[in-house]
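> Protein chains in written order, with my numbering: chain A, 2 to 98; chain B, 2 to 98.
1) Among B:88, B:90, B:72, which has the Cα closest to the Cα of residue 3 of chain B?
2) Who are the neighbours of residue 90 of chain B on chain A, taking C-beta pairs under 7 Å?
3) Tell me where the alpha helix (DSSP H) around residue 8 of chain B begins and ends.
4) Measure the C-alpha to C-alpha separation of residue 79 of chain B and residue 42 of chain A and round it to an integer number of angstroms.
5) In this structure, how does DSSP classify residue 48 of chain B when only helix, strand and coil are distinguished?
6) Pick helix, strand or coil for residue 71 of chain A, following the three-state DSSP scheme.
7) Can you list the residues of chain B that residue 82 of chain A reaches, using a CB-CB cut of under 7 Å?
8) When we look at the beta-carbon of residue 49 of chain A and count the other beta-carbons within 10 Å, is it buried (16 or more) or exposed?
9) Output needed for residue 83 of chain A: all residues of its chain with C-beta closer than 7 Å, excluding positions within five of it in sequence on either side, in chain order.
10) For residue 78 of chain B, name the three-state secondary structure that DSSP assigns.
11) What separation, rounded to the nearest whole angstrom, lies between the Cα atoms of residue 21 of chain A and residue 39 of chain B?
12) Given that residue 39 of chain A touches chain B, what residues does it touch there, using C-beta distances under 8 Å?
13) Within the 8 Å Cβ cut-off, does residue 52 of chain B reach chain A?
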């Protein structure tokens, strides 16, 4: 599924909630999911880990909907086939550990 | 671009760095980008905001590469066309503010 289609799917399912909650409240949900992902990364539960990755990208798409940002366009503007810092693929940035 | 194609693009550009840095270090970069997104949401700089959304999805894809998770598959397993909690689209969860 394209990134833009996923963002549109999140809009259909959640925008009535997301837009009422607003940017700050929706960011807080994203931040919570990132913390849950951190915990899941410490376990051996692959299904739980996949669910947390799903939640982070879902809330990121919800937040992009509220902030009126096209996530796919933003991602490809910055990262189309090369590192935006050094301009190479694979990245050759000397400082980028 | 499909979510899986974006994750593969991140692999081509960054996996040599991501795999050496490991899960914990790559998560820390993601967490930093989420904090930068929070700051960008407070400004009126649309280009900076789009760049921060790009960085968060890029580092999420990098982290998924290190954790050996297919981000698109994980996202669609949990969120295909309905809320995973109530099973409806739009979501009807009474508790989900």
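All C-beta atoms in this analysis are idealised placements derived from N, C-alpha and C, irrespective of residue type, glycine included.
Taking the structure as given:
1) B:72
2) Those are 13, 14, listed as they occur along chain A.
3) 4-41
4) Straight across, the Cα-Cα distance linking residue 79 of chain B with residue 42 of chain A is about 18 Å.
5) helix
6) coil
7) 10
8) exposed
9) 89, 90
10) helix
11) 19 Å
12) 28, 32
13) yes
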